[in-house]
Every structure is written in C-alpha cells, then in structure tokens.
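Here the structure comes first, spelled out in structure tokens, and everything after it is commentary.
Chains as they are written, first to last, in the working numbering: chain A, 1 to 570; chain B, 571 to 876.
Right under this line is the structure:
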C-alpha cells in the first residue's frame with residue numbers, strides 16, 4: 001500500500017459534525033425538569049449540623065413562606081401505585097407519606113392518638129370491635145372534610161377482593177363491617193376477637209392509610225377506580241409523577257397536625273437503583289437524603305453525612321422449614337441447638353453490618369422492650385463449636401445434606417444469601433453437609449404450600465427470613481411459625497401443635513397484659529427449644545446532608561418513616 | 571423492491587408472533603406474580619383465589635389466546651405493579667431509550683470512524699495501536715464499571731455532569747459515552763480491517779495512479795465500500811446496545827425500556843414485560859430492515875442486481 005499522506009478532508013470533518021448534529025437533535029427540545037422556584041430565596045444554611053432532635057420540635061406557625069425542595073433518593077419505588085389498595089409497606093416512601101393513619105406513633109414506637117386521625121380509640125370489651133373518635137379539624141387535600149364515612153369506605157376499599165396492599169388481606173380477613181355512629185365516630189366491627197387489631201390501623205404497623213371516598217368511583221363489577229389525582233390528609237399533597245423517575249409533592253399548608261407542619265415547600269422522591277449512585281448523588285449535592293446499604297455507612301460517615309433512619313426495622317433469622325416433621329433431623333432439639341451454637345454470629349454480623357446499625361437478637365421476634373412478650377434476661381445463643389459437634393453426634397445425624405434455600409426478597413433482605421453461605425461454612429466445620437439452592441421468593445414460595453411438602457431426600461430444609469419489627473409480635477408468629485390450618489405461611493416450628501395452641505390462646509386474650517403474659521411464657525419456652533437461629537435486629541440506614549437537613553425523627557420499629565418530622569436547616 | 575418489502579413484513583410478523591409466545595411461556599414459568607403482589611401472610615387459599623381471579627390458573631395456551639386476541643385490538647392490559655395501562659407505561663419509555671441509544675450510536679460513530687480510518691491509514695504506527703487500545707478499553711471494561719467510574723470522576727469530583735436522571739443535554743453525556751464506548755471497539759476493528767482490505771484493492775491503486783488526492787481516495791472511493799460491513803455491524807449492534815442499555819439505564823436512573831423490562835422481570839409484571847419485549851423486537855426488526863435498504867444506497871451493484 002502506498003504511503004498515504006493523510007490530510008484533513010471534508011469527510012473526516014463532516015462525519016463527526018453530522019454525529020454531533022444527531023446528538024443535538026436527540027437532546028433538543030427537552031423540558032428542563034428543574035425544581036419549582038421557591039417563593040422566596042432560601043435562607044443561608046447554618047454552619048454546624050444538628051443531631052436528630054429527641055424531643056418534639058416547637059410548633060411552628062403554618063406559613064406560606066415555605067421554601068426549598070427536599071430531594072429524597074430511594075432504591076426503588078416498589079409498587080409505584082397511587083391507589084393505596086395496590087401499594088405496600090415497602091412503598092410507603094413513594095406515596096404513603098401523603099396520607100395519615102387512624103392511630104399514630106411516637107418516635108419511640110408507642111402508639112398514640114396524638115399523631116393520628118383519632119382523638120382516642122376504644123377496644124370493645126370482647127375485643128371484637130374498635131371504636132374510633134375522629135378529629136374534627138381534618139381536611140383532605142382538596143378541601144373536603146374527613147369523616148367517619150371515609151373510615152368505613154377505607155375498610156371497604158382496602159378489604160376488597162382486588163386489593164393487594166400488604167395489610168389489605170388482614171382487613172379482608174378481620175373486618176366484618178364499619179358502623180357510622182356519627183360524622184366523627186366509627187365502630188369497626190371484627191369477624192372475631194382480635195386484641196391487636198388497633199395496630200392494623202396504625203402508622204407504625206401497617207400500610208392501612210385513610211383514603212377519601214370521593215376520590216374513588218365504584219364500578220359495576222364491584223371494583224374501584226381512583227378518580228383524578230390521589231388526595232390524602234398528610235403534610236404533603238401530590239403534584240405529579242414521572243413513572244420510574246420521580247414523584248413530586250408540595251406542602252399542605254392546611255395540615256391539621258400543627259406540631260409537625262411542613263417545613264419544605266416541595267418534596268421530590270427519586271428512584272436511584274444503584275447504591276453507589278445514590279451516595280454519589282448526595283455527594284454531588286443533587287439530593288438531600290438517600291437510602292444507603294449498611295456497608296456504605298462507614299464511607300458516608302467519613303464523607304461527613306449524618307446517618308439516621310428508622311430503628312429496629314427488621315430482624316433476621318434462620319428458619320427450620322417444616323421442622324415439625326419427624327422425618328427431618330431439624331425436628332431434633334440437639335441438632336437444632338448444634339446448628340445455632342456452631343455459628344459465630346457476632347463475627348458474622350460484624351462482617352456484614354456497620355457498627356451502630358444493628359443489635360444482636362436473643363430471640364427471633366422479641367427484639368425490643370416495646371415488643372409484647374419481650375423477656376429482657378435472654379441472651380443471644382453463644383458460639384460453642386465443640387458443644388455443637390457433640391450435639392450433632394448425639395442427634396444421630398447420618399450425613400445426609402441439609403437443603404439451604406437462598407433467596408433475596410427484592411430489596412427486603414439483600415445480605416440473606418451471604419449469611420446463609422457463612423452459615424454453610426460454619427456447619428461444615430461441625431460435620432453437617434449442606435446444599436444451597438439459589439432462588440427468589442416467587443420460586444421459593446410455592447414450596448410452602450405444596451401438598452408433598454419439602455423433599456424428604458434431604459435431612460431438613462433451612463432458609464433465611466427477615467421479619468419486620470412488629471411490636472405486636474403475633475403477625476410475625478403467624479407468618480413464620482403457625483400452621484397452615486390456622487392461617488400460617490412458613491410453618492417453620494418444630495412443635496406445630498404447641499405453637500398453634502399458644503396462638504389460639506393469644507387470640508382469646510382480652511387485655512394487653514394477658515397477651516403479654518402468654519407471649520412471654522411462650523418466648524421463654526421456645527428459647528430453650530432453639531426453634532430458629534436469631535441473628536440481628538437492624539436499622540434502616542439513610543445518609544443525610546447536614547447542610548440542608550437539621551433533624552429527623554424516623555421512629556422505632558414498624559414501617560413508618562415520618563418524613564413530616566424532617567426539619568430544614570435555616 | 572415491493573417483493574422485498576412484503577417479504578420482510580411477513581418475516582417481521584412471524585418473528586413477533588414467535589417471540590411473543592416464547593416470552594409468554596418463559597415468563598409464566600418463572601413464578602407467579604401473585605407471590606410478589608400479595609402480602610407475605612396470604613394463605614394458600616387466598617393465593618389460589620387471587621390467581622383464579624386473575625385468570626392465571628387457566629392453561630397456558632388459553633391465557634396466551636386471551637392475550638393475543640386482546641393485543642390485536644391494542645389492549646395490553648394494566649401493569650400489575652403500577653396499575654396503569656401498559657401501553658402508556660411502555661409508550662412513555664420508548665423515546666427515552668431511542669434517544670439514548672441514538673446518542674450512543676452517534677458517539678460510537680464519533681469515536682469509531684476517525685479511529686478506524688486512522689488505524690488503517692497509519693497501520694502499525696503508534697496512532698494505530700493507540701486507537702485500538704482506546705477501543706479495547708471500552709470493550710473490556712464492564713458497563714457498570716464505566717458507568718460508576720464516569721459518575722465518580724465527572725459528576726462528583728469535577729461536577730461537570732449530573733449523576734443520573736434526565737432533563738437536559740448534559741444528562742445524555744455520561745450514559746451515552748458509557749454505552750457508546752463499549753460498542754465502538756468492535757466498530758473500530760471492523761472499519762480498520764475493512765479499510766485495509768479496500769485500500770489494497772486494484773481500483774484504489776488505479777485511483778492513486780490517476781493522480782487523485784489521497785483524501786478523495788480514502789473518503790470517496792475506499793470508505794464507501796469499507797462501510798458496507800460496518801453498516802451491517804451497526805444494525806446488528808443496535809440490538810446489543812438496547813440490551814446493554816439495561817445496565818446503563820439502571821445505573822443512571824434513565825427512564826427507558828431497558829430499566830422497565832428489568833423491573834418487569836423482577837416483579838413478574840407480565841403485561842408490561844410482554845409489550846416491552848415486543849417493542850424491542852419491533853425496533854430491532856425495523857433497524858435491520860433499514861440497514862438492508864441502505865445497502866442499495868451504498869452499493870450500486872445491489873441496486874443493479876435487483
């Protein structure tokens with residue numbers, strides 16, 4: 001080939017220019033999606049970050065001079081539904097915060113009327129009803145009055161067959177009807193006594209928000225359709241959303257709870273799936289607070305961000321699936337105890353969770369004093385591999401592998417596979433063989449209801465579980481341990497008859513003291529039986545920009561985030 | 571030409587039909603959306619009742635027939651997760667994806683054409699090696715690594731561009747470069763090889779002997795023929811760009827079809843998944859069709875042959 005004298009030619013010049021033109025054409029005409037203009041220039045930020053307040057803030061006069069946009073980045077919008085019948089507890093960060101609940105909760109987790117739509121509530125003497133007296137000052141975002149008919153409608157709508165919100169099934173199963181006593185008094189009548197039903201309409205324990213009857217249209221087939229934009233009673237009103245991207249709210253200047261008036265003019269929730277991108281967005285100043293993973297906490301702290309978030313949000317445990325079957329070795333106490341003692345759980349949690357974001361658990365579900373049935377003098381199971389080996393031998397284990405079901409329930413338990421793999425390593429040290437099946441929740445769940453049950457070719461079946469922090473405890477027991485016949489799901493208890501009997505007794509309790517007594521006794525008895533391997537109680541971790549966010553009281557346990565308590569640096 | 575168009579249209583319809591059934595069957599075999607939509611405390615009876623109400627207990631061919639007849643009428647149902655019409659959910663994501671992939675292709679062209687030509691013209695020299703190395707880095711580095719690295723450097727440290735999202739032309743740069751750089755390697759190598767082949771041909775030698783300016787030899791005579799396999803590659807690559815866009819869209823929170831499809835898979839949102847995949851397939855079919863048509867423009871022999 002002759003040596004070419006390369007010179008700049010029109011093609012070399014024009015090809016990239018043509019490409020740039022295509023780029024400009026593709027990018028042109030975009031609407032700038034900038035934050036809404038503040039009504040007045042934002043005040044200069046104070047210099048020092050302020051630690052989260054431990055007392056309720058001084059009530060502020062509601063003013064239309066609010067300024068600033070609070071930008072919150074979350075990992076996922078989850079259900080991304082504006083009709084709360086199709087939402088979930090995990091989607092409360094998307095739309096739940098524009099609504100209120102009948103019963104509120106204090107930052108420490110205690111249920112209270114002060115932060116709810118009721119002035120007080122009364123459980124019927126037979127625990128088969130819940131009478132609520134409603135606040136008279138509450139209005140929906142469109143100015144209509146909130147009243148008892150909305151409570152009745154909420155029960156009807158969220159209890160409808162089509163409703164799939166997390167606790168809609170509870171409403172459907174438990175609520176018989178709602179009597180309207182007067183415009184501000186409703187009596188929710190239950191199908192059967194349930195002392196803990198009041199938790200089902202609280203901000204701490206559920207996603208059962210109050211929705212407006214006039215916001216829906218009932219169709220001829222009995223379903224409902226949301227009419228127009230959703231309206232709530234919360235401190236922010238819905239403005240608009242871009243599916244998969246953002247959802248925007250503005251301050252409700254007529255918010256009934258003057259103890260927690262809105263302090264930001266607007267609020268935007270963004271979806272940033274990648275954890276590193278969320279933290280980088282915070283670093284770049286594009287957002288004010290972001291959800292972070294536990295392993296990002298040290299980095300976020302080093303970067304000068306405030307770490308905060310709802311405490312005791314979840315508890316991790318290892319379950320023995322169908323341990324009630326005598327053909328599984330997990331039915332044997334010595335073997336269950338061996339598996340528990342074999343794991344250096346302190347080392348495991350230290351490796352996976354940032355300091356200050358977790359507490360070791362002594363029991364699977366009774367993790368804090370706020371939980372009914374909590375026993376303070378129980379300690380986490382110790383690490384004793386020698387004793388574990390002895391117990392494995394004593395159990396008569398023949399070397400047949402245990403099946404470990406490793407699954408991630410969307411964003412619910414990202415470290416569950418890691419914990420199970422670590423457990424596998426510890427168990428192999430004491431001579432227990434295992435096989436891991438990676439799957440996800442939809443692949444795993446049908447096994448729970450199959451007629452044949454789990455395969456008898458294995459010595460037993462084990463899975464990770466993450467239970468939400470539920471102070472009323474019974475729901476966790478129902479899902480994880482109680483039998484199918486009594487409404488349970490996972491059936492991971494070695495004495496199904498015993499746990500069913502306890503659950504029935506608990507259901508008949510007529511006072512909280514009775515319930516506490518029953519659950520405390522069960523807690524003590526089951527602790528000695530090693531029914532599961534409790535691991536850790538974790539907090540939900542968020543990184544906050546201290547230059548824009550002065551304080552936040554996210555609360556203890558349950559599902560709420562209480563964004564209405566976020567205070568702007570002024 | 572009409573025969574060609576009709577033939578390709580029939581092929582497209584058959585492809586869409588087979589694809590839709592395959593996606594339908596595969597997605598329904600991956601687990602029921604009931605397990606993600608219902609609360610964890612849903613009993614077996616409640617789960618079964620929900621599945622029956624949604625019609626998911628019917629045999630697969632029956633469900634597919636219902637989907638197929640509805641689809642012919644433009645009815646793709648409602649998103650199981652978002653409770654919004656599938657057509658509007660998917661429709662809103664098409665243009666962002668097309669724009670991003672167009673930008674990525676444009677960046678690919680910007681990178682590849684000069685590098686490929688330079689590599690061929692300066693074969694064996696440092697320019698050639700640098701061009702190939704630059705392209706290779708884009709091909710070897712995983713997309714998420716490029717994406718996260720570019721965000722850290724250009725958005726966080728330098729603050730030149732936003733970290734994520736959409737809104738202005740600046741939002742296109744980082745995701746566009748991430749996508750385009752990865753694709754450009756193959757194009758650089760292909761264009762370089764094609765150019766080397768063409769530059770060695772007899773008609774190019776004749777052009778030089780005739781005294782034509784070297785620029786004209788390279789860009790007017792050689793380039794046009796060298797582009798034929800490159801255009802084919804671009805058409806083929808478009809499918810890869812769309813697939814690679816899933817990662818880029820997820821990292822950059824780009825509201826495109828890729829992220830939507832990923833979410834639909836995770837959530838077993840079958841109605842959305844069906845339409846999203848069909849749209850993807852349609853786009854790829856259309857791109858390949860346009861590529862085939864472009865051959866006639868670039869190569870007169872194909873036009874004469876027709």
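Note that beta-carbon positions come from the ideal geometry of N, C-alpha and C, so glycine has one too. In this text, all values refer to a predicted model and were calculated from it rather than measured experimentally.
If I'm right that residue i touches residue j with Cβ under 8 Å, what's the distance once you round it to whole angstroms?
| i | j | result |
| --- | --- | --- |
| residue 353 of chain A | residue 536 of chain A | 7 Å |
| residue 465 of chain A | residue 272 of chain A | Residue 465 of chain A to residue 272 of chain A, Cβ: 28 Å. No contact. |
| residue 280 of chain A | residue 721 of chain B | 5 Å |
| residue 81 of chain A | residue 73 of chain A | Residue 81 of chain A to residue 73 of chain A, Cβ: 20 Å. No contact. |
| residue 851 of chain B | residue 827 of chain B | With a Cβ gap of about 11 Å, residue 851 of chain B and residue 827 of chain B do not count as contacting. |
| residue 749 of chain B | residue 818 of chain B | 5 Å |
| residue 105 of chain A | residue 202 of chain A | 6 Å |
| residue 234 of chain A | residue 98 of chain A | 5 Å |
| residue 674 of chain B | residue 857 of chain B | About 13 Å separates the two Cβ atoms, so there is no contact after all. |
| residue 365 of chain A | residue 476 of chain A | 4 Å |
Taking all protein chains shown into account, do 16 or more other C-beta atoms lie within 10 angstroms of the C-beta of residue i, making it buried, or fewer, making it exposed?
| i | result |
| --- | --- |
| residue 570 of chain A | exposed |
| residue 381 of chain A | buried |
| residue 247 of chain A | buried |
| residue 347 of chain A | exposed |
| residue 596 of chain B | exposed |
| residue 379 of chain A | exposed |
| residue 804 of chain B | buried |
| residue 579 of chain B | exposed |
| residue 303 of chain A | exposed |
| residue 395 of chain A | buried |
For residue i, which of helix, strand or coil comes out of DSSP?
| i | result |
| --- | --- |
| residue 530 of chain A | coil |
| residue 360 of chain A | strand |
| residue 78 of chain A | coil |
| residue 557 of chain A | coil |
| residue 461 of chain A | strand |
| residue 303 of chain A | coil |
| residue 490 of chain A | coil |
| residue 288 of chain A | coil |
| residue 548 of chain A | coil |
| residue 823 of chain B | coil |
| residue 476 of chain A | helix |
| residue 215 of chain A | helix |
| residue 268 of chain A | strand |
| residue 186 of chain A | strand |
| residue 383 of chain A | coil |
| residue 248 of chain A | strand |
| residue 274 of chain A | coil |
| residue 756 of chain B | helix |
| residue 784 of chain B | helix |
If you compare alpha carbons, which of the options is closest to residue i?
| i | options | result |
| --- | --- | --- |
| residue 469 of chain A | A:432, A:371 and A:186 | A:371 |
| residue 491 of chain A | A:439, A:320 and A:75 | A:320 |
| residue 212 of chain A | A:193, A:529 and A:228 | A:228 |
| residue 130 of chain A | A:171, A:114 and A:300 | A:171 |
| residue 644 of chain B | B:614, B:581, B:770 and B:661 | B:661 |
| residue 294 of chain A | A:350, A:437 and A:101 | A:350 |
| residue 485 of chain A | B:578, B:588 and B:612 | B:612 |
| residue 322 of chain A | A:288, A:183, A:233 and A:450 | A:450 |
| residue 299 of chain A | A:187, A:76, A:565 and A:542 | A:542 |
| residue 713 of chain B | B:746, B:760 and B:773 | B:746 |
| residue 719 of chain B | A:522, A:523 and A:276 | A:276 |
Checklist entry - Which residues, in order along the stretch 229–249 of chain A, keep a beta-carbon less than 9 Å from a beta-carbon of chain B? => result 242, 243, 244, 245 and 246
Item to check | Members of the stretch 801–813 of chain B near chain A, C-beta cut-off 7 Å | outcome: none
Next on the checklist: To be precise: take each residue of the stretch 132–162 of chain A, compare its Cβ to all Cβ atoms of chain B, and keep it if any distance is under 9 Å. Which residues remain?
Outcome noted: 161 and 162
Checklist entry - Along the stretch 641–665 of chain B, what residues have a CB closer than 8 Å to any CB found in chain A? => result 651, 652, 653, 654, 659, 662 and 663
Checklist entry - In chain order, what residues of the stretch 704–730 of chain B put their CB closer than 7 Å to some CB of chain A? => result 718, 721, 722, 725, 726 and 729
Checklist entry - Looking at chain A, which residues of the stretch 755–772 of chain B have a Cβ within less than 7 Å of any of its Cβ atoms? => result 769 and 770
Next on the checklist: Short of 8 Å Cβ to Cβ, which residues in the stretch 597–617 of chain B face chain A?
Outcome noted: 600, 601, 602, 603, 605, 606, 607, 608, 609, 610, 611, 612, 613, 614, 616 and 617
Item to check | Members of the stretch 816–830 of chain B near chain A, C-beta cut-off 7 Å | outcome: 820, 821, 823, 825, 829 and 830
Item to check | Residues of the stretch 836–851 of chain B with Cβ closer than 9 Å to any Cβ of chain A, in chain order | outcome: 836, 837 and 838
Next on the checklist: What are the residues in the stretch 276–290 of chain A lying within 7 Å of chain B by C-beta distance?
Outcome noted: 276, 277, 280, 281, 283, 284 and 286
Next on the checklist: Along the stretch 481–496 of chain A, where does the CB come closer than 9 Å to a CB of chain B? Name the residues.
Outcome noted: 484, 487, 488, 489 and 490
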